[in-house]
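Comments concern the structure below.
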Amino acid sequence: MEKKKKMSGVLKTLIWIVAILAVVGIFGVVIIKNQAHSATYELLSVTPNDTIVRTSILTGSIQPRDEVLVKPQMSGIVAELLHQPGDMVTEGDLVARIKMVPDMAGVQNALSQVERARVALRTAKDVYDRDKALFDQGILATEKYEQSKGAYDQAVIDLSSAQEQYELASKGSSASTAKQNNTLVRATVTGTILEQPVKVGTSVIQANNFNDGTTIVSIADLTDLLFVGDVNESDVNNLAVGADVAIKVGAIPGQTYKAVVEYVSPKGVDKNGTIFFEVKAAIDPANLTGLRAGLSSNAEVELDRRNGVTTIPESAVSYRDGQAIVYVAKTGSGEVQDFEEREVTLGLSDGLNVEVVKGLEGGEQLRGNLKSK
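Residue numbers (the working numbering): 1043 to 1415.
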């Protein structure tokens, strides 16, 4: 009997718990419904005859179109530097002098050539003097005399050439090459010196088949600058040569520079798993104020444009199963709002607004974000 009473008590307790939970649930549903009915949303406008532009931001830097590396024509040691980075130079201006370090084996060989040429000249002169005396007496034939005279003249030329080679090997220049002295390094183009990576006393080598040679200075025309950056593979097919570019440099706030795309690389480069394509844009030379080679910069380039289209804010769009949906206001902006669901076909987006191809006429108001209380 006691056991039955205990079971009855447990059953009553369970019934009370279920009843309480049911009441709480009903009140919760009522509260939620009341909150839903009392919730108000921002109303967003549909804009007809609008313009929407899709742009992309490219990161890169300012670079001169052509940077020329000036290298010595001989190996040696820098004896003098006549300019500093930032100096303007004209083609042909002297920028450095090189002190030659003779190759002793080459010098000795050249000296030996001089001595052999002297011996050959003495021999040729003795023969010539003897044949000339015989020719003057009418004893020697003209042909024989001319042969000895030709040999003597050639010996004179050979000695002069050997002496010049010796001067070049020991000093780096000779009397006949003074104007083209290899110890003098001259600017090969007109422009501004950007870098001077050597100092006085630095050993330098000339360019050859096995070495690029030592750069004395680099020169560029800073009136002809480019923006050089990268475009993502998802945007590269929308970027065309001739597109306008607006460049902003972090070091020069508040200034925008105009440029025009003149090159898009046909081959991409993998950077951290993403493919990028190099882009070059020529900066308008009418405004280069403050620009320097190497400045980091961002370029905003237009990828697509639609004029005279209907647009709505991106925040008004929802998606269900891949279909774009908006909620059109039926009762206006009063306390009690009513919306109807409508499917729309979207077009170009700039990230904030999106083109509506189909589904809206213009003038409607759409449900936006929930207003905060």
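All residues carry an ideal CB built from backbone N, CA and C; glycine is no exception.
C-beta contact flag for Val-1112 and Val-1259 at 9 Å: yes
Asn-1395 classed as buried or exposed, judged by whether at least 16 other C-beta atoms fall within 10 angstroms: buried
Inter-residue Cα distance where the pair is Thr-1298 and Asp-1392: 21 Å
The region 1081-1099 contacting the region 1339-1352, beta-carbon criterion three pairs below 8 Å: yes
Beta-carbon proximity check, Asp-1263 vs Thr-1232, cutoff 9 Å: yes
Whole-angstrom distance between Ala-1121 and Gln-1238, CA atom to CA atom: 14 Å
N-terminal and C-terminal residue of the beta strand (DSSP E) that Thr-1298 is part of: 1298-1306
Contacting residues, own chain, Cβ-Cβ under 8 Å from Val-1398 (five flanking each side not counted): Val-1088, Val-1351, Thr-1352, Thr-1353, Ile-1354, Val-1386, Thr-1387, Leu-1388, Gly-1389
Close beta carbons around Val-1169, own chain, < 8 Å, minus the five adjacent residues each side: Ser-1190, Ala-1193, Tyr-1194
Neighbourhood of Gln-1407 by C-beta, 8 Å cutoff - its chain only, sequence neighbours within 5 removed: Leu-1085, Leu-1086, Ser-1087, Val-1088, Val-1370, Ala-1371, Gly-1374, Ser-1375
Simplified DSSP state of Glu-1109, which is helix, strand or coil: strand
9 Å Cβ cutoff met for Val-1227 and Pro-1114: yes
Beta-carbon gap between Ala-1204 and Arg-1158 smaller than 9 Å: yes
Buried versus exposed call for Thr-1101 [16 or more other C-beta atoms within 10 Å across all chains shown]: exposed
DSSP bridge partner residues for Ala-1381 (one or two, in chain order): The sequence given here places Phe at residue 1381; Ala does not occur at that position. Answer is Ala-1371.
Cβ neighbours of Asp-1277 in the same chain (closer than 7 Å, five flanking residues each side left out): Ser-1098, Leu-1345
Local conformation of Ala-1078 per DSSP, three classes: In this predicted model, Ala-1078 has a pLDDT of only 46, less than 50, meaning its place in the structure is not dependable enough to derive any value.
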